[in-house]
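Enquirer: Sharing a structure, written as structure tokens. Questions coming.
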Amino acid sequence: MELLAFGAWIAGIVIFQFVASRGVRFGSSGSGGARSHSSAHLRPHDLQSFPLRTELHLQRKVQHTLTGLLFYAVSWVMPLDIAVIILLIAVGVLYGVHQLRKSSPRVDALYVASFHGILRRDEASKTVLPGAFYFVLGTAIAAAVYPLPVARLAILCLGVGDPAASLMGTLYNQHDKKNVIKSTKKKKQKSQSTKSWAGFVGALVASFAATFLAMSWSDTQKTPIEDKQVVVRTAKALFAGTAAAVAEAIDVAGWDDNLSLPLIVGLFLQLGSYAFGFQY
């Protein structure tokens with residue numbers, strides 16, 4: 021019965037990824053939507069229909085957040101060792117599909133048609149591995165190397181803090197471009213960067229709120245809430261939010277944020293438990 025339950029969770033997550041990619045794509049630069057052709061044969065204007073990393077792409081951010089929340093929820097019902105194995109298998113599948121897309125136009129066309137709503141331009145053209153690969157890999161490593169309570173909060177910060185930082189950073193950059201006149205070179209450098217103070221604040225606020233609510237719910241399952249607990253929980257949530265903001269702001273050897281953020285947040289939370297006696 022447990023295996024059936026775990027299978028249902030996995031199937032639900034996979035189906036959600038497909039459903040989230042359907043419908044109208046928000047924040048894209050193209051007006052016609054992504055087509056179901058193989059990206060090897062996509063004409064330039066077809067690729068233009070896929071958003072760049074620096075564009076708003078709200079549908080992808082919603083999908084990212086809900087996936088993080090789903091992973092967080094699953095961590096309460098699935099044994100950690102089984103979860104890590106399944107995640108590592110998923111990493112292998114995602115990598116295999118990416119390589120298969122390069123050699124099979126049919127697989128590529130099916131992939132692009134199925135997930136067009138959440139693909140970026142470089143992912144549609146097979147230039148880079150999909151963000152989902154790094155999301156699952158980062159989640160798997162965090163779950164494998166950190167205690168479960170720490171891993172949960174790191175995954176939660178990945179699911180909530182990362183898209184919040186991207187959203188705020190993108191909106192700030194769009195506003196800044198409308199009001200500040202700069203040289204062509206500086207504009208090009210700015211457009212290639214997704215890091216900003218707005219993104220830092222977005223990650224901090226979103227991760228603080230998410231971890232505070234998560235720890236509040238977790239604490240209510242244990243003992244009655246006292247005023248002192250609320251103060252301590254606020255401090256822990258602020259620490260986690262700051263860790264997520266720092267992790268989002270720094271570049272770790274060019275790693276994808278989906279990989280580096282949960283590992284850095286987990287490391288900060290572990291240090292917090294040693295330095296301040298935080299228990300998550």
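Quick note on numbering: the sequence shown equals residues 21 to 300 in our numbering. Just so it is clear, CB atoms sit at the ideal spot from N, CA and C, and this is done for glycine as well. Since the structure is predicted, the reported quantities are computational estimates derived from the model, not experimental observations.
Taking just the CA atoms, how far does ALA257 sit from PHE70?
Expert: If you number the sequence shown from 1, residue 70 lands on position 50. If you number the sequence shown from 1, residue 257 lands on position 237. Approximately 36 Å between the Cα atoms of the pair.
Enquirer: Since HIS118 is in the alpha helix (DSSP H), which residue starts that stretch and which ends it?
Expert: On the sequence shown, position 98 is the one that residue 118 refers to. It spans 100-123 - the alpha helix (DSSP H) in which HIS118 sits, taken as one unbroken run.
Enquirer: On the three-pair Cβ rule with 8 Å, is the segment 167-178 touching the segment 138-150?
Expert: Taking 8 Å as the limit for Cβ pairs, the verdict is that the segment 138-150 does not touch the segment 167-178.
Enquirer: Where does ALA273 land, buried or exposed, given buried means 16+ other C-beta within 10 angstroms?
Expert: Translated into the one-based positions of the sequence shown, residue 273 becomes position 253. By the neighbour-count rule (16 or more Cβ atoms within 10 Å), ALA273 is not buried but exposed.
Enquirer: Buried or exposed for PHE296, going by 16 or more other Cβ atoms inside 10 Å?
Expert: Mapped onto the sequence shown, residue 296 falls at position 276. With fewer than 16 other Cβ atoms within 10 Å, it is exposed.
Enquirer: Quick one: using the 10 Å Cβ neighbour count with 16 as the cut-off for buried, is LYS122 buried or exposed?
Expert: Position 102 of the sequence shown holds residue 122. The residue in question, LYS122, is exposed, as its Cβ has fewer than 16 Cβ neighbours within 10 Å.
Enquirer: If you draw a straight line from the C-alpha of PHE259 to the C-alpha of GLN79, how long is it?
Expert: Locating residue 259 in the sequence shown gives position 239, where the first residue counts as 1. Locating residue 79 in the sequence shown gives position 59, where the first residue counts as 1. Answer to the nearest angstrom: the Cα atoms are 29 Å apart.
Enquirer: For TYR131 and VAL113, I'd like the C-alpha separation in whole angstroms.
Expert: By 1-based counting over the sequence shown, the position of residue 131 is 111. By 1-based counting over the sequence shown, the position of residue 113 is 93. Rounded to the nearest angstrom, the two C-alpha atoms are 13 Å apart.
Enquirer: Going by beta carbon distance, what residues of the same chain come within less than 6 Å of PHE135, once the five residues before and after it are set aside?
Expert: Within the sequence shown, residue 135 is the residue found at index 115, counting from 1. Once the five neighbours on either side are set aside, the close Cβ partners of PHE135 are SER41.
Enquirer: Under a Cβ-count criterion, where at least 16 other Cβ atoms within 10 Å of its own Cβ denotes burial, should LEU120 be classed as buried or exposed?
Expert: The residue given as residue 120 occupies position 100 in the sequence shown. Exposed, by the Cβ-count rule.
Enquirer: Let's test the definition: count the other Cβ atoms within 10 Å of the Cβ of TYR105 and tell me whether it reaches 16, buried, or not, exposed.
Expert: By one-based count along the sequence shown, residue 105 stands at place 85. Checking the sequence shown, residue 105 turns out to be Ile, not Tyr. Answer is exposed; the Cβ neighbour count stays below 16.
Enquirer: Please name the residue, chosen from PHE232, TYR192 and ALA234, that lies closest to PHE220 on a Cα-to-Cα basis.
Expert: Reading the sequence shown from its first residue, position 200 is the one you call residue 220. The shortest Cα separation from PHE220 among PHE232, TYR192 and ALA234 belongs to TYR192.
Enquirer: Report buried or exposed for THR159, applying the criterion of at least 16 other Cβ atoms within 10 angstroms of its Cβ.
Expert: Here residue 159 refers to the residue found at position 139 of the sequence shown. Its Cβ being crowded by 16 or more others within 10 Å, THR159 is buried.
Enquirer: Compare the beta carbon distance of GLU285 and ALA264 with 7 Å and say whether it is the shorter of the two.
Expert: As a working mapping, residue 285 is identified with position 265 in the sequence shown. As a working mapping, residue 264 is identified with position 244 in the sequence shown. A small correction: the amino acid at residue 285 is Val; Glu does not occupy that position in the sequence shown. Against a cut-off of 7 Å, the Cβ pair of ALA264 and VAL285 comes out as a contact.
Enquirer: According to DSSP, is LEU283 helix, strand or coil?
Expert: As a position in the sequence shown, residue 283 is number 263, starting the count at 1. Reduced to three states, the DSSP call for LEU283 is helix.
Enquirer: So TYR300 and PRO169 are in contact, right, with Cβ under 8 Å, and what is the actual spacing, rounded?
Expert: Here the question's residue 300 lines up with position 280 in the sequence shown. Here the question's residue 169 lines up with position 149 in the sequence shown. About 4 Å; that satisfies the 8 Å criterion.
Enquirer: If we call anything under 7 Å between Cβ atoms a contact, is SER227 one with GLY181?
Expert: Here the question's residue 227 lines up with position 207 in the sequence shown. Here the question's residue 181 lines up with position 161 in the sequence shown. Contact: yes.
Enquirer: Looking only at C-alpha atoms, which of PRO183, GLN37, LEU100 and VAL111 sits nearest to THR74?
Expert: Here residue 74 is taken as the residue at index 54 of the sequence shown, counted from 1. Looking at the Cα atoms, PRO183 is the closest of the given residues.
Enquirer: Determine the direct distance from the alpha carbon of LYS81 to that of LYS210, and round the result to whole angstroms.
Expert: As a first step, residue 210 is located in the sequence shown; it is residue number 190 there, counting from the start. As a first step, residue 81 is located in the sequence shown; it is residue number 61 there, counting from the start. In this predicted model, LYS210 has a pLDDT of only 45, less than 50, meaning its place in the structure is not dependable; the value taken from the coordinates is given anyway. Near 21 Å, if we compare the C-alpha coordinates of LYS81 and LYS210.
Enquirer: Going by the beta-carbon positions, is the gap between GLY179 and THR262 smaller than 7 Å?
Expert: For this step, residue 179 is matched to residue 159 along the sequence shown. For this step, residue 262 is matched to residue 242 along the sequence shown. Not in contact: GLY179 and THR262 (Cβ atoms no closer than 7 Å).
Enquirer: Given this structure, state the Cα-to-Cα distance separating PRO99 from ALA163, to the nearest angstrom.
Expert: The residue you call residue 99 lines up with position 79 of the sequence shown. The residue you call residue 163 lines up with position 143 of the sequence shown. Each residue's Cα considered, the two are about 11 Å apart.
Enquirer: Would you call ALA93 buried or exposed, if buried means 16 or more other Cβ atoms sit within 10 Å of its Cβ?
Expert: Taking the sequence shown and counting its residues from 1, the one referred to as residue 93 is at position 73. With fewer than 16 Cβ atoms within 10 Å of its Cβ, ALA93 is classed as exposed.
Enquirer: Our contact map puts ALA185 next to VAL156 with C-beta atoms below 8 Å; I'd like the distance itself, whole angstroms only.
Expert: Taking the first residue of the sequence shown as position 1, residue 185 is located at position 165. Taking the first residue of the sequence shown as position 1, residue 156 is located at position 136. Not a contact, Cβ separation roughly 20 Å.
Enquirer: Give the single residue among VAL252, ALA269, ASP271 and SER280 whose Cα lies nearest to the Cα of GLY292.
Expert: Residue mapping note: residue 292 aligns to position 272 of the sequence shown, counting from 1. The shortest Cα separation from GLY292 among VAL252, ALA269, ASP271 and SER280 belongs to VAL252.
Enquirer: Shorter than 6 Å, the distance from the beta carbon of SER124 to the closest heavy atom of the ligand NAD, or not?
Expert: In the structure on display, the ligand NAD does not appear, and there are no ligands present to speak of.
Enquirer: Nearest to VAL148 by CA position, among ASP276, ALA133 and LEU287, is which residue?
Expert: Here residue 148 is taken as the residue at index 128 of the sequence shown, counted from 1. Answer by Cα proximity: ASP276.
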